[in-house]
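The opening position of the sequence shown corresponds to residue 62 in the numbering used here, with each subsequent residue numbered one higher.
Glycine included, each C-beta is placed from N, C-alpha and C at the ideal position.
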Amino acid sequence: MGSFADRLIGWYTEHRRSLPWRGETDPYRIWISEVMLQQTQVVTVIPYYRRWIESLPTVQSVAAATQDDLLKLWEGLGYYGRCRNFHRACRIVEQDYGGEIPRTWSQFRKMPGVGDYTAAAVLSIAFGEPLPVIDG
């Protein structure tokens with residue numbers, strides 16, 4: 062019958078949804094998906110995520126963009142502070158980390174808008190860090 066974990070992984074493998082960010086290893090793409098998914102339904106996020114990645118494929122492109130351009134892409138997604146924080150964070154990544162998203166908890170957690178959940182999700186998915194992702 063297998064362990065509970067084996068059965069759970071088997072169920073997930075069979076029933077998981079196909080999502081544009083699933084299977085990603087690029088920490089930028091994982092990060093923006095996690096930011097967009099905060100307090101927003103998956104079905105709502107999908108077209109925004111696709112448009113965002115098409116328009117802004119890298120941290121550098123976000124850092125170079127104007128806040129007005131970013132907010133226009135974000136329009137209708139709500140909770141606009143997420144977009145403003147992401148913009149600020151991408152500028153910090155570009156200026157202070159040479160465009161490389163920090164790989165450590167202490168550095169990444171300091172980014173504007175990055176809480177415990179987002180830090181754990183991005184670092185574990187993108188970099189294989191053994192961090193628990195707990196959603197309350």
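Buried or exposed: which applies to residue i, given that a residue is buried once 16 or more other Cβ atoms fall within 10 Å of its Cβ?
| i | result |
| --- | --- |
| W113 | buried |
| F65 | exposed |
| P108 | exposed |
Roughly how many angstroms lie between the CA atoms of residue i and residue j, to the nearest whole one?
| i | j | result |
| --- | --- | --- |
| P193 | V96 | 18 Å |
| R170 | V104 | 27 Å |
| V183 | L134 | 22 Å |
| G137 | W72 | 34 Å |
Mapping DSSP to helix, strand and coil, what is residue i?
| i | result |
| --- | --- |
| W92 | helix |
| W82 | coil |
| D67 | helix |
| I195 | coil |
Which residue spans inside the stretch 97-180 form an unbroken alpha helix (DSSP H) run of at least 4? If we require 4 residues or more, the alpha helix (DSSP H) runs fully inside the stretch 97-180 come out as 103-116, 120-125, 128-135, 142-157, 166-170.
Open item on the list: When you compare the stretch 145-152 with the stretch 119-133, are there three or more beta-carbon pairs, one atom per stretch, that lie closer than 8 Å?
Closed with: Contact between the stretch 145-152 and the stretch 119-133 is present, because at least three Cβ pairs lie under 8 Å.
If we count Cβ pairs, one from each stretch, closer than 8 Å, do we get three or more for the stretch 63-83 versus the stretch 157-165? No: the two stretches stay apart, fewer than three of their Cβ pairs being nearer than 8 Å.
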